[in-house]
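Enquirer:
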Amino acid sequence: MLTTQQINELALIILDADIDVKNHNEVDEYIGLVLENIAGCECLSDDEFRAIVQQIREVIETL
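Numbering-wise (our numbering), the sequence shown opens with residue 2 and increments by one.
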């Protein structure tokens, strides 16, 4: 799994992107693309991916 620092950094990347952060589908898709480019999303299970997305959404909501 990712560290808290990595989650926070991904949240900042998402906030800097030109997407509607209130649109969960758009955020999920963008997170998937970022993770695929960084580490290969294929190595994550669906549950792991959902957990990461949820953590990133929570950080985005607090910023």
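Just so it is clear, CB atoms sit at the ideal spot from N, CA and C, and this is done for glycine as well.
(1) From Lys23 to Ile39, what distance separates their C-alpha atoms?
(2) Got a sec? Which residues, its chain only, sit under 8 Å from Ile61 by beta carbon, not counting five neighbours each side?
(3) Check whether the Cβ atoms of Gln56 and Ile8 sit closer than 8 Å, and answer yes or no.
(4) Please list the terminal residues of the continuous alpha helix (DSSP H) segment that includes Thr63.
(5) Hey, Tyr31 and Ala18 are a contact pair by Cβ (cut 8 Å); roughly how many whole angstroms apart?
Expert: Considering the structure as presented:
(1) 24 Å
(2) Cβ contact annotation for Ile61 (same chain, cutoff 8 Å, sequence separation greater than five): Ala12, Ile15, Leu16, Val22 and Val28, in chain order.
(3) yes
(4) Asp47 to Thr63
(5) 6 Å
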